[in-house]
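K.L.:
Each residue of the sequence shown is one higher than the one before, starting from 157 at the first, in the numbering used here.
Where a beta carbon is used, it is the ideal one built from N, C-alpha and C, also for glycine.
Values in this document were obtained by computation on a predicted structure and should not be read as measured data.
One structure, as structure tokens, below. Some questions next.
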Amino acid sequence: MKWLQSFVLLSCFITSAVAVAQSRGSVATPDRFPEAGTSYPIAGELVMVDHVNRTGILRCDRLDTRNKYHQDLPLAFGMLPYGTLYYHGAPATLSDISLGTHMHGWFHLGPAGDFEVDLLETDYAATVKNQPNDRSPDSPLSQALRLEDDFTFYQRQRSGWKIVSIDDNKKQLVAERVDLDVGAALTELTGYPTVKGLTGRQTFDYTEATRVWQANQVAELSDVAVGQVILFNMTWATMYGPGRLTDIWLDADSRALATERQFRSFEQQMFDRGFPGMVTKIDYLDQGAGIVDIEFYSGFEPRHHEFFPVNKSARLLVAESNLRTHDAHNDGKHVQVTEWIDVSQAESQSEPQSQSKPASQIKPQSQPKPEFQLTPESQLTPESQLTPESQLTPGGQVLPGSSGYGIRIRMPELLEGVRPGRTIRVQAGTWTRRGLPREEKIAPFNIRPQRIVLPDR
Numbered sequence: 157m158k159w160l161q162s163f164v165l166l167s168c169f170i171t172s173a174v175a176v177a178q179s180r181g182s183v184a185t186p187d188r189f190p191e192a193g194t195s196y197p198i199a200g201e202l203v204m205v206d207h208v209n210r211t212g213i214l215r216c217d218r219l220d221t222r223n224k225y226h227q228d229l230p231l232a233f234g235m236l237p238y239g240t241l242y243y244h245g246a247p248a249t250l251s252d253i254s255l256g257t258h259m260h261g262w263f264h265l266g267p268a269g270d271f272e273v274d275l276l277e278t279d280y281a282a283t284v285k286n287q288p289n290d291r292s293p294d295s296p297l298s299q300a301l302r303l304e305d306d307f308t309f310y311q312r313q314r315s316g317w318k319i320v321s322i323d324d325n326k327k328q329l330v331a332e333r334v335d336l337d338v339g340a341a342l343t344e345l346t347g348y349p350t351v352k353g354l355t356g357r358q359t360f361d362y363t364e365a366t367r368v369w370q371a372n373q374v375a376e377l378s379d380v381a382v383g384q385v386i387l388f389n390m391t392w393a394t395m396y397g398p399g400r401l402t403d404i405w406l407d408a409d410s411r412a413l414a415t416e417r418q419f420r421s422f423e424q425q426m427f428d429r430g431f432p433g434m435v436t437k438i439d440y441l442d443q444g445a446g447i448v449d450i451e452f453y454s455g456f457e458p459r460h461h462e463f464f465p466v467n468k469s470a471r472l473l474v475a476e477s478n479l480r481t482h483d484a485h486n487d488g489k490h491v492q493v494t495e496w497i498d499v500s501q502a503e504s505q506s507e508p509q510s511q512s513k514p515a516s517q518i519k520p521q522s523q524p525k526p527e528f529q530l531t532p533e534s535q536l537t538p539e540s541q542l543t544p545e546s547q548l549t550p551g552g553q554v555l556p557g558s559s560g561y562g563i564r565i566r567m568p569e570l571l572e573g574v575r576p577g578r579t580i581r582v583q584a585g586t587w588t589r590r591g592l593p594r595e596e597k598i599a600p601f602n603i604r605p606q607r608i609v610l611p612d613r
């Protein structure tokens with residue numbers, strides 16, 4: 157009977173885990189943007205990455221509300237096709253983010269039925285009730301909508317950390333959260349549950365390996381002083397206090413430089429692979445042609461409008477939900493851009509998409525920049541700090557994961573993968589076509605494993 161009681165307990169917990177997970181989030185699917193406010197916030201440290209398939213593992217923060225035996229178990233996640241990463245205050249890809257970086261995330265449930273968390277079937281599990289086997293209790297929330305580092309998380313909230321004291325013997329500094337006295341590059345998100353993060357005074361560890369940034373150069377630990385207002389990134393978060401600082405930015409200029417460098421890295425990724433977006437509507441024409449509406453994913457900004465002028469050609473690539481393309485060098489289809497679509501205007505006013513505004517009528521608050529220009533935070537104004545997500549009016553219909561901007565294109569021949577709800581990538585017609593590394597291609601041979609299985613010893 158003892159084994160039967162244990163089995164009943166385990167079965168009850170699995171059922172309750174499903175119920176709890178469902179109460180904390182909603183299922184997200186790759187063919188539509190989730191409704192506002194339906195994601196669930198989870199923070200943790202990035203401990204493994206497959207940047208090609210856009211998957212990884214977080215070691216979730218230790219929480220007082222969680223059973224101590226559930227601490228430090230892995231949360232395996234996959235980025236939704238419209239899932240966005242931010243690093244150093246700018247859009248990023250998983251390949252940009254260093255392992256060990258502490259991240260703040262918003263997650264959704266995976267496909268229905270994929271909610272179970274396996275439990276240990278041993279006497280120890282019967283003693284330590286409801287201990288998961290090898291996965292975090294948060295594992296049902298496996299679909300990542302957004303991930304951002306501490307730099308982005310606190311800067312977005314216009315918060316910094318004022319150093320109160322430094323103990324060089326213990327390699328610790330005490331800092332308290334304060335308002336930044338200059339502007340920040342990002343504003344608070346709309347459509348995402350609000351998370352405040354650390355508050356008050358906190359004691360952070362640092363090491364001789366901690367990187368210090370000041371103005372446009374690498375500084376020394378000796379340059380860190382009481383009274384400075386800093387931003388940071390952490391590792392070993394919540395294991396021994398709030399965490400261990402890996403990077404410290406001492407001033408506004410160093411933060412602006414870090415953001416601009418990350419923008420350049422992200423945009424180079426887009427130049428090589430194309431901006432991703434979702435097909436939202438198709439008007440079928442004769443002889444296999446069609447008019448296709450595309451809504452760009454979050455990360456596309458007004459500064460990118462210039463790449464896709466109206467009545468000029470572009471190149472469309474069919475992509476999978478992990479944003480991988482098949483053979484980008486040969487599979488692209490030349491199309492013509494016919495209109496720009498401002499999603500916040502078209503949808504919030506319940507207008508049919510055929511009445512979308514052409515590009516000449518869209519007036520983004522920040523004009524596209526032909527070249528990268530570094531703007532120190534001290535010179536930013538509130539109007540120039542807004543991203544497309546934060547520029548939208550409260551009544552708009554732009555959903556989390558969407559940039560709020562899209563284009564209408566004419567395709568002389570529709571491809572099989574161009575269907576409503578499917579992910580595509582778009583490149584400017586003037587960009588140089590480049591082949592991608594073989595491990596990123598799906599065809600003709602997929603040599604990138606979806607899951608690495610280690611042999612038994």
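Can you tell me which of the three DSSP states Q521 falls into?
P.N.:
Here the model assigns Q521 a pLDDT of 35, short of 50, so the residue's position is not dependable and the matter cannot be decided.
K.L.:
In whole angstroms, give me the CA-to-CA distance for G397 and D187.
P.N.:
In a straight line, the C-alpha of G397 is about 40 Å away from that of D187.
K.L.:
Ordered along the chain, which non-local residues of its own chain (more than five positions away) have a Cβ less than 6 Å from that of G266?
P.N.:
Closer than 6 Å at the Cβ level, and outside the excluded window around G266, lie S298 and Q299.
K.L.:
Anyone know if the C-beta pair for F422 and T240 falls short of 8 Å?
P.N.:
Taking 8 Å as the Cβ cut-off, F422 and T240 do not qualify as a contacting pair.
K.L.:
For my contact list, H260 and P190 are in at a C-beta cut-off of 8 Å; report their separation, rounded to the angstrom.
P.N.:
At roughly 18 Å, the Cβ-Cβ gap does not stay under 8 Å, so H260 and P190 are not in contact.
K.L.:
In or out: I253 buried (at least 16 other Cβ within 10 Å) or exposed?
P.N.:
The residue in question, I253, is buried, as its Cβ has 16 or more Cβ neighbours within 10 Å.
K.L.:
My understanding is that P556 touches V351, with C-beta atoms under 8 Å, so please give their C-beta distance in whole angstroms.
P.N.:
Contact flag wrong, Cβ pair sits at about 14 Å.
K.L.:
Using a Cβ-Cβ cut-off of 7 Å (strictly less than) and excluding sequence neighbours within five positions of D407, which residues of its own chain qualify?
P.N.:
Excluding residues within five positions, the ones whose Cβ falls inside 7 Å are Q370 and A371.
K.L.:
My output table needs one value for S500: the three-state DSSP class, helix, strand or coil.
P.N.:
Three-state result, S500: helix.
K.L.:
Is the separation between the beta-carbon of V574 and that of V474 shorter than 8 Å?
P.N.:
It is a contact, given that the beta carbons lie within the stated cut-off.
K.L.:
Closer than 6 Å by C-beta to L336: which residues in its own chain qualify, once you throw out the five before and the five after it? Chain order, please.
P.N.:
So the list reads R314 and G316, once near-sequence residues are dropped.
K.L.:
Between I206 and P605, what straight-line distance do the alpha-carbon atoms span, to the nearest angstrom?
P.N.:
A small correction: the amino acid at residue 206 is Asp; Ile does not occupy that position in the sequence shown. Those two C-alpha atoms are separated by around 10 Å.
K.L.:
Would you check if there are 3 or more beta carbon pairs closer than 8 Å linking the segment 559 to 566 to the segment 437 to 456?
P.N.:
Output reads yes: the segment 437 to 456 touches the segment 559 to 566.
K.L.:
According to DSSP, simplified to helix, strand and coil, what is G261?
P.N.:
The answer is strand: DSSP assigns G261 an E or B state.
K.L.:
Between D403, I450, G585 and L592, which lies nearest to E462 when the distance is taken from Cα to Cα?
P.N.:
Nearest of D403, I450, G585 and L592 to E462, Cα basis: G585.
K.L.:
Below 8 Å on the Cβ atoms is my contact criterion, and I expect M434 with G347 to pass it. Report the Cβ-Cβ distance as a whole number of Å.
P.N.:
Contact doesn't hold; Cβ gap of about 16 Å is too wide.
K.L.:
Can you find the residues in the same chain that come closer than 7 Å, C-beta to C-beta, to D379, ignoring five residues on each side of it along the sequence?
P.N.:
Correct list, in chain order: V368, Q370 and L406.
K.L.:
Closest to E364 by C-alpha separation, out of V330, K326 and I386, would be which residue?
P.N.:
Ranking the options by Cα distance to E364, first place goes to K326.
K.L.:
Under three-state DSSP, which class holds Q370?
P.N.:
It is a strand residue.
K.L.:
Within 10 angstroms of its Cβ, does H485 collect 16 or more other Cβ (buried), or is it exposed?
P.N.:
Exposed.
K.L.:
Hey, quick one: how far does the alpha helix (DSSP H) through R459 stretch, first residue to last?
P.N.:
It is not in any alpha helix (DSSP H) - R459 carries neither H nor E in the DSSP assignment.
K.L.:
Out of Y238, D294 and S182, point me to the one whose CA is closest to E219's CA.
P.N.:
As written in the sequence, residue 219 is Leu, which differs from the Glu given in the question. Ranking the options by Cα distance to L219, first place goes to D294.
K.L.:
T359 and V330: beta carbons closer than 8 Å?
P.N.:
Against a cut-off of 8 Å, the Cβ pair of V330 and T359 comes out as a contact.
K.L.:
So, for A470: in the same chain, excluding its five sequence neighbours on each side, which residues have a beta-carbon less than 7 Å away from its beta-carbon?
P.N.:
So the list reads F464, V491, V493, I565, V582, Q583, A584 and G585, once near-sequence residues are dropped.
K.L.:
Roughly how many angstroms lie between the CA atoms of D498 and A381, to the nearest whole one?
P.N.:
D498 and A381: Cα-Cα distance of roughly 47 Å.
K.L.:
Could you tell me which of H258, E332, T366 and Y243 sits nearest to R312, measuring between CA atoms?
P.N.:
The candidate whose alpha carbon is nearest that of R312 is Y243.
K.L.:
Considering Cα atoms alone, identify which of G181, K489, L354 and T402 is closest to T391.
P.N.:
Nearest of G181, K489, L354 and T402 to T391, Cα basis: T402.
K.L.:
Mind pulling the alpha helix (DSSP H) runs of 4 or more residues that sit fully within the segment 319 to 403?
P.N.:
The segment 319 to 403 contains no whole alpha helix (DSSP H) run of 4 or more residues.
K.L.:
What first and last residue would you give for the beta strand (DSSP E) that runs through R302?
P.N.:
Segment Q299 to D305, the beta strand (DSSP E) holding R302.
K.L.:
Taking Cβ positions, are V203 and R215 nearer each other than 8 Å?
P.N.:
Against a cut-off of 8 Å, the Cβ pair of R215 and V203 comes out as a contact.
K.L.:
Could you tell me which of D449, R429, T355 and F431 sits nearest to K437, measuring between CA atoms?
P.N.:
Checked all of D449, R429, T355 and F431; the closest Cα to K437 is D449.
K.L.:
Which residues in the same chain as F309 place their Cβ atom closer than 7 Å to its Cβ, once the five residues preceding and following it in sequence are excluded?
P.N.:
Once the five neighbours on either side are set aside, the close Cβ partners of F309 are H260 and G353.
K.L.:
Less than 8 Å between the beta carbons of T366 and I319, yes or no?
P.N.:
Taking 8 Å as the Cβ cut-off, T366 and I319 do not qualify as a contacting pair.
K.L.:
If you drop the 5 nearest sequence neighbours on each side, which residues of the same chain put their C-beta closer than 6 Å to that of Q535?
P.N.:
Bear in mind that the predicted position of Q535 carries a pLDDT of just 42, short of 50, making it too unreliable to give a figure here.
K.L.:
From which residue to which residue does the alpha helix (DSSP H) around D428 run?
P.N.:
It spans A408 to R429 - the alpha helix (DSSP H) in which D428 sits, taken as one unbroken run.
K.L.:
At which residues does the beta strand (DSSP E) containing D206 begin and terminate?
P.N.:
Y196 to D206 is the span of the beta strand (DSSP E), which, as asked, contains D206.
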